[in-house]
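Per our numbering: the sequence shown = residues 3 to 426. Glycine included, every Cβ here is placed at the ideal spot set by N, Cα and C. None of these values were measured; they are calculated from a predicted model. Encoded as structure tokens, the structure appears first; notes follow it.
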Amino acid sequence: MRDGPMIRIRLPGGRATAQQLRAIAELARRGGNDRIALTNLSNFQVRGLEWINYSDLKRHLDQAGLLPPRLWAERRRNILADPLSGLATDELHPTAGLVARLDAAIQDEPLMKASSLKFGFVVDGGGPSRIGAQLHDAALIAESRAGQVRFRLYLTGQATQLTAAPEHAARLAVAAAVAALGFPARRDSAWRSFLKPLAYGGSSRLIAHPARVLLALTGPQETRIRRLLDHVPIEDLIRRIRELMPAEQFEISEPPAALPALRPRIGIVPQSEPGLAICGFGVPLGRLDSRLLALIAALAEDFGTGEVRLSPWHVVFIPHVAEARAGELMQAAEAAGFAVNENFLTFDMSACSGRSGCRGARLETQDHALEIMQALQQLEQPPGAALSIHVSGCPKGCAHRTKSDILALEREDASGYYLYEDSA
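This is how it looks when you write it as structure tokens:
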């Protein structure tokens, strides 16, 4: 990386305090190059950390409450949750407690050390954002049956028959992550092609078990459910999850027909408490520096209670704002360069770090992406549906996890970009 060492600061559920934001801003200003990114996982990246040693970094983050008790688990706390959970009226179950239990369950399970650093959890309490539609390996989505709330397990968007009460749901999600570890990664050799039907094709246990052992011994283990289900039937994974869960801690029921679509929000949102509002403003491309992050902290304290909620669509929410002052907060955010209207959500714009951040790029992709975003927001007739655009400095496709409606890929001679439709 041209901009030096980088760290990711994970915030399970996307919740932070003004004090924590100031600590991150100070780290970027004193120890880095003052570049901070709000990611599509509701986390922060701090870049250019050339001027701080590991001990000082650890002490700084620990004092701000940004490290877990078990440090090995820090890179596996990828937990998304609805930023409006506990604040909006139309929610089945608040998620803060479940997110905390899931965070603890990840740290309490030693086998999670073998899990992928990118394994992603989502917790959806049935709230207004429908965040369960976000990309995930394992998701817990609330539903109501006979007056009781249960969290259903989803695997890469596919509903399973497994549900659990709120107090047991965290264990169900971790069981899914652990269950995936026993399966081999995909390989195309003739030997493995012969073994796979025996292992997963409904053979008797006498045949299937040794076939699975041989597969495990002849190749690396899979660590992502999103890849695993490309070549292993979901029923095999569910069977293993059930074996890992105490029978009294899960239930079986028919899943719903479809997963509700994501409904991102921005602007002033009514809060469940009378007289209060939630204010959400967008961070273009997630680009921040210490000054802007400190400003967000100040807004959270001046207008709210110091609490901040982060979303994967690059909108920062400040709750507990008096309705009479919500407009004033949004004006201050807009004056600082943040987006405040729904046009921001019409274009899902992303870009890699570009020339200033990576040796693989020769164009300033983020600057170009911002220019595209600004031009699109001036359209008199924006597209009827959200449009995803990714600007990339090389074919690796960093900073974007799925196909884009439009991909701008840097040309070999850096004279411009190739344009592709529906590509990654």
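DSSP state of residue 3, grouped into three classes? Because the pLDDT at residue 3 is just 43, under 50, the model does not fix this residue reliably, and the value given afterwards should be weighed accordingly. The answer is coil: DSSP assigns residue 3 none of H, G, I, E or B.
Candidates 229, 58 and 132, of which the one nearest residue 118 by Cα: 229
Taking the beta carbon of residue 315 as the centre, do at least 16 other beta carbons fall within 10 Å, making it buried, or is it exposed? buried
For residue 405, the nearest candidate out of 423, 416 and 395 (CA to CA): 423
Tell me the DSSP secondary structure of residue 233 in three-state form. coil
What are the uninterrupted segments assigned as alpha helix (DSSP H) that are 4 or more residues long and contained completely in the region 138-196, given in chain order? 171-182
Anticipated Cβ contact below 8 Å, residue 280 with residue 89, distance rounded: 6 Å
DSSP puts residue 81 in a beta bridge; with which residues? DSSP links residue 81 through a beta bridge to 123.
At the level of alpha carbons, what is the spacing between residue 80 and residue 72? 15 Å
Quick check: the region 155-172 against the region 244-254, are at least 3 beta-carbon pairs closer than 8 Å? Contact annotation: the region 244-254 touches the region 155-172, with at least three C-beta pairs closer than 8 Å.
Quick check: the region 283-291 against the region 335-354, are at least 3 beta-carbon pairs closer than 8 Å? yes
Counting only the same chain and skipping the five closest in sequence on each side, list residues whose C-beta sits under 7 Å from that of residue 3. The predicted position of residue 3 is uncertain, since its pLDDT is 43 and thus under 50; no value can be drawn from it.
List the whole-angstrom C-beta distance separating residue 331 from residue 323, where the pair is believed to meet the contact cut-off of C-beta under 8 Å. 6 Å
For residue 282 versus residue 267, is the C-beta distance shorter than 7 Å? yes
Please look up how many angstroms separate the CB atoms of residue 144 and residue 153, rounded, as I've assumed it's under 8 Å. 5 Å
Out of 370, 149, 407 and 105, point me to the one whose CA is closest to residue 417's CA. 370
For residue 272, does the three-state DSSP call read helix, strand or coil? Here residue 272 sits in strand by DSSP.
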